[in-house]
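Chains as they are written, first to last, in the numbering used here: chain A, 1 to 130; chain B, 1001 to 1130.
The beta-carbon is built from N, C-alpha and C at its ideal position, and this holds for glycine as well.
Quantities reported herein were computed from a predicted structural model and do not represent experimental measurements.
What follows is a short report on a single structure.
There are 2 protein chains.
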Amino acid sequence: MTPNLLGDTYRDYIACLNQQDWAKLDYFVDHEVIHNGQPIGLRGYLEMLQGNYREIPDLLFKIELLICDPPRVASRLRFDCAPRGEFLGVAVNGRRVSFAENVFYEFAEAKIVRVWSVIDKAAIEAQLAG
Amino acid sequence: MTPNLLGDTYRDYIACLNQQDWAKLDYFVDHEVIHNGQPIGLRGYLEMLQGNYREIPDLLFKIELLICDPPRVASRLRFDCAPRGEFLGVAVNGRRVSFAENVFYEFAEAKIVRVWSVIDKAAIEAQLAG
């Protein structure tokens, strides 16, 4: 895959998440996907995403930076949302917060096989303390 | 710059940090560098790094993943170290922890002009709680 095609595939994946079009998820995510070292598979990946939407009803993925170097993609995602209760162990309780996720993906045959994600928990804590 | 050349420059930058060769830092970092939205400049950048080494005497930067798409680089850095006291607001107090930093850089004329960094604070907390 060329960098441009990989970037297009990634943008389509993010659109799929924002539409919560779960029937299409296996078009983008491999059945054997590993997330932060855990072999959660497509089913675990779907459960994670559905859990995110339950905890954060107004969740929206916005790509801030995209770096493509096949077979890998790095993306900085921006979230402006109001998690209902605890999020990452922080008692957000419906307050509005803005935070980033810096996340790396490895693709194989146009599907995500590995994810390395870090969410900016310190930024969330700083906003709630402020 | 080609992706390969940018990758080489980045690896040289990390070697410079690991050698604490501060006289060379301005070879890699622009005088007007912006770090996580803060225009800290080369002097602020140097002070940040020197502060890191004071807080974490055995600090070592190890590149786990490197994604180059000029003028941008994304890197997953791995740290295995023992911060002396508090680190990111966590009372580590000399215990050994392993954590990642997912970080993006923008280069201009072979120097770093912007950095977007997220450190995996939740992983540190999980290790200390375990």
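- Note that the C-beta distance between L59 (chain A) and R95 (chain A) is not below 9 Å.
- Counted as a single uninterrupted DSSP element, the alpha helix (DSSP H) harbouring F1028 (chain B) occupies residues L1025 to F1028.
- Within the segment 55 to 71 of chain A, the residues whose Cβ lies closer than 9 Å to any Cβ of chain B are, in chain order, E64, L65, L66, I67, C68 and D69.
- For R1011 (chain B), no beta strand (DSSP E) run applies; the uninterrupted alpha helix (DSSP H) run containing it begins and ends at P1003 to N1018, by DSSP.
- Less than 9 Å divides the Cβ of P1057 (chain B) from the Cβ of A1082 (chain B).
- In summary, the residues of the segment 1075 to 1091 of chain B whose CB is separated from some CB of chain A by less than 8 Å are R1076, L1088 and G1089, in the order they occur in the chain.
- What N1102 (chain B) touches in chain A, judged by beta-carbon distance under 9 Å, is A74, R76, E101, N102, V103, F104, W116, S117 and V118, going in chain order.
- Here Y1045 (chain B) has V1029 and V1033 as same chain residues with Cβ atoms under 6 Å from its own Cβ, once five neighbours each way along the sequence are excluded.
- The beta-carbon of K111 (chain A) is placed no less than 9 Å from the nearest beta-carbon of chain B.
- Those residues of the segment 2 to 25 of chain A placed with their C-beta closer than 8 Å to a C-beta in chain B are P3, ordered along the chain.
- Straight across, the Cα-Cα distance linking S98 (chain A) with Q1050 (chain B) is about 29 Å.
- In this structure, the beta-carbon distance from E1106 (chain B) to V1115 (chain B) falls below 9 Å.
- The Cβ-Cβ distance between F61 (chain A) and I124 (chain A) does not fall below 9 Å.
- With its beta carbon less than 9 Å from one in chain B, A122 (chain A) belongs to the interface.
- According to the DSSP assignment, E47 (chain A) belongs to the alpha helix (DSSP H) that extends over G41 to E55.
- Under DSSP, no beta-bridge partner is assigned to W22 (chain A).
- Per DSSP, the unbroken beta strand (DSSP E) holding E1064 (chain B) starts and ends at K1062 to D1069.
- Closest option to I1063 (chain B), judged by alpha-carbon separation, among B:A1122, B:V1113, B:T1002 and B:L1017: B:L1017.
- Excluding sequence positions up to five before and after K1111 (chain B), its CB lies within less than 7 Å of the CB of F1028, V1029 and D1030, all in the same chain and listed in chain order.
- Residues M1, L6, E106, F107 and A108 of the same chain have their beta carbon placed closer than 8 Å to that of P71 (chain A), with the five preceding and five following residues left out of the count.
- Under the 9 Å criterion on CB atoms, E1125 (chain B) is classed as interfacial with respect to chain A.
- It is roughly 41 Å from the alpha-carbon of P1039 (chain B) to the alpha-carbon of G41 (chain A).
- Residue burial annotation: A1023 (chain B) is exposed, with fewer than 16 other C-beta atoms found within 10 angstroms of its C-beta.
- The beta carbon of A100 (chain A) sits closer than 6 Å to the beta carbons of R76, R78 and D120 from its chain, once the five residues preceding and following it are set aside; these are given in chain order.
- Each of A:F104, A:N52, A:A122 and A:F87 was checked against the Cα of G1089 (chain B), and the nearest Cα belongs to A:A122.
- The DSSP-derived three-state label of E1109 (chain B) is coil.
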